[in-house]
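> Below you will find the structure I want to go over with you.
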Amino acid sequence: MSTDLFCEIIAGERSAHLVSSDDVALAFLDIRPVFKGHVLVVPRVHVETLTDLADVGPFFERVQAMARAVEQGLEAGGTFVAMNNRVSQSVAHLHVHVVPRNKKDGLRGFFWPRTSYDSADEAASYAARIAKAL
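With the UniProt record's numbering, letter number 50 in the sequence shown gets 50, and the count goes up by one each step, no holes.
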């Protein structure tokens with residue numbers, strides 16, 4: 001098994017603010033969110049890029065459900081859904097960013113300013129609100 005950061009989270013060897021987990025994918029809060037409630041959806045199977053993922057459909061069903069849950073759970077105006085393949089991929093494990101968006105939130109183009117949670121409790125509350133909307 002690979003020893004990347006996301007594989008460690010999947011294996012329970014590293015903590016994360018989990019939003020959802022099933023046999024296909026795991027979703028958790030990004031530790032350096034663009035906006036609070038920024039979720040990463042990763043396949044349980046270790047693959048580096050989208051082209052390496054054998055069964056794309058079930059994985060993207062989870063991404064779609066997460067986009068809906070982020071909007072509903074956080075009362076966001078929409079979401080920004082993005083993925084890098086190799087270039088700009090900070091962890092060599094396929095992951096999709098689901099970022100809550102609102103009009104005039106300040107995000108422009110592909111410049112991703114990062115923020116942080118005030119506390120672990122605040123992060124946990126965001127994860128819980130999104131999970132409840134699933």
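Ideal placement from N, C-alpha and C gives every residue a C-beta, glycine not left out.
Since the model is a prediction, treat every value here as computed from it, not as a measurement.
Looking only at its chain, what residues have a beta carbon closer than 8 Å to the beta carbon of R114, apart from the 5 residues adjacent to it on each side?
So the qualifying residues of the chain are R32, P33, V34.
> Quick one: complete alpha helix (DSSP H) runs, 4+ long, within the UniProt domain "HIT" (5-108)?
Within the UniProt domain "HIT" (5-108), the complete alpha helix (DSSP H) runs of at least 4 residues are 5-10, 56-74.
> By how many angstroms is the C-alpha of T51 removed from the C-alpha of L29?
If I take the Cα positions, the gap works out to 24 Å.
> May I ask which residues mark the beginning and end of the alpha helix (DSSP H) holding S119?
Careful: S119 lies outside any alpha helix (DSSP H) and carries neither H nor E.
> Let me check understanding here. Comparing Cα to Cα, which of I9, K36, D22, T3 lies closest to S125?
Checked all of I9, K36, D22, T3; the closest Cα to S125 is K36.
> Please state if the CB of A82 and the CB of D4 are separated by a distance shorter than 8 Å.
The answer is no: Cβ separation not under 8 Å.
> How would you call E71, buried or exposed, if buried means at least 16 neighbouring beta carbons within 10 angstroms?
E71 comes out buried.
> Could you tell me how far apart the beta carbons of S20 and L107 are, in whole angstroms, since I believe they sit closer than 8 Å?
Not confirmed; about 24 Å, so no contact.
> Relative to the C-alpha of Q64, which residue among Q89, A128, G78 is closest?
The candidate whose alpha carbon is nearest that of Q64 is G78.
> Going straight from the alpha carbon of Y117 to that of F60, what length do you get?
Cα to Cα, the separation comes out at about 27 Å.
> Taking C-beta to C-beta, are A67 and V98 nearer than 8 Å?
Taking 8 Å as the Cβ cut-off, A67 and V98 qualify as a contacting pair.
> To the nearest angstrom, how far is the alpha carbon of G73 from that of L26?
If you take the alpha carbons of G73 and L26, they lie about 18 Å apart.
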